[in-house]
Each structure stands twice: as structure tokens, then as C-alpha cells.
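Here's the structure, in C-alpha cells; my notes come after.
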Amino acid sequence: MDQSPTQLSCRRCQASFETPEHVLLQCLGIPELVAVRNDFRTRGAVSIPDLHPRFVLSDGDAISLLKQAIFSWTAVSFTAKFVYKAIQIWSFTVTGGRVRYGSESEDSDPDVFS
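Just add 2 to the spot in the sequence shown (first one is 1) and you have this note's numbering.
What follows is the structure, given as C-alpha cells:
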């Protein structure tokens with residue numbers, strides 16, 4: 003029986019459950035992702051004061067912060083760029099370089115995220 007993704011330990015840091023908020027705002031297992039996240043939080047704090055970098059975010063803080071970033075009209079473009087870049091880094095590091103969606107077939111365009 004498959005486990006829910008929210009019940010699986012993070013494949014990079016093993017410190018928490020592998021959830022979107024963990025991957026985007028908490029995981030310390032990929033140095034390149036940590037650097038991109040720190041840049042996002044430092045620059046984004048202008049629009050969203052709660053984004054200021056802190057060393058550790060609780061799960062609740064991470065969910066709240068992610069919601070604020072996604073639903074802030076002044077930061078939506080900036081947030082989208084961060085999420086795109088973070089998912090690219092995660093994909094190439096964890097899954098071997100390809101993000102696959104739902105019913106996407108094996109012979110779909112391999113350069114979707116090039």
C-alpha cells in the first residue's frame with residue numbers, strides 16, 4: 003500500500019515530512035535550494051515582512067508564510083519565480099532531473115524545464 007506523501011520523510015534531510023512547505027521553506031538537505039530560499043526571503047521581506055530570514059521555521063510558520071507569499075499581489079511574480087526555481091532544483095537533485103505531472107506519458111517532451 004502506498005503511503006501519503008505527507009507521511010513520508012524528506013528524501014534529502016530525513017528531518018521532517020516531505021510536504022510542499024517543507025521543500026520550499028524548511029529543507030536544509032540541498033545547499034543550492036537553501037541559497038535560493040535565503041535570497042527569496044531576504045528580497046521578499048520588502049513586500050512581505052514575515053519573509054525575513056530566520057534560521058528555523060515551524061511547520062505552522064512555513065504554511066502561513068507560503069500562503070502569504072502566494073496570495074500577496076505585490077509578491078506573486080517574485081514568488082512564482084522562486085517556486086519555479088526551487089522545484090527545478092528539487093527535481094534535478096531528488097528525482098533525477100524531471101518533474102512529471104499526472105497523466106504525462108514517458109515520451110512527453112523531455113525539455114519542458116530546460
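A virtual CB, placed ideally from N, CA and C, is assigned to each residue, including glycine. Just so you know, these numbers come straight off a predicted model, no measurement behind them.
Quick check on the DSSP output: the alpha helix (DSSP H) that includes residue i runs from which residue to which?
| i | result |
| --- | --- |
| P55 | Run containing P55: none; DSSP gives neither H nor E here. |
| R43 | 33-46 |
| F94 | 78-96 |
| E23 | 22-27 |
Is residue i close to chain D? Criterion is C-beta to C-beta, closer than 7 Å.
| i | result |
| --- | --- |
| K83 | The displayed structure is made up of one protein chain only, and chain D is not part of it. |
Quick one: grab the DSSP three-state call for residue i.
| i | result |
| --- | --- |
| S66 | helix |
| A17 | coil |
Since I believe residue j is in contact with residue i (beta carbons under 8 Å), could you give me their beta-carbon distance rounded to a whole number of angstroms?
| i | j | result |
| --- | --- | --- |
| R13 | E20 | 6 Å |
| W92 | V25 | 6 Å |
From residue i to residue j, what distance separates their C-alpha atoms?
| i | j | result |
| --- | --- | --- |
| P160 | A17 | Given that the chain is displayed from residue 3 to residue 116, the structure contains no residue 160 and the question cannot be resolved. |
| G46 | F94 | 25 Å |
| D111 | I89 | For D111, the predicted structure reports a pLDDT of 47, less than 50, and the residue's modelled location is therefore unreliable. A value from the coordinates is still provided. Straight-line Cα distance between these residues: approximately 18 Å. |
| V114 | T81 | Reliability fails at V114, whose pLDDT of 41 lies under 50, so the model's placement of it is uncertain and the value that follows must be treated cautiously. Looking at the two C-alpha atoms, the distance is approximately 20 Å. |
| A71 | S11 | 25 Å |
| A77 | V96 | 27 Å |
| G31 | K69 | 23 Å |
| L59 | V48 | 19 Å |
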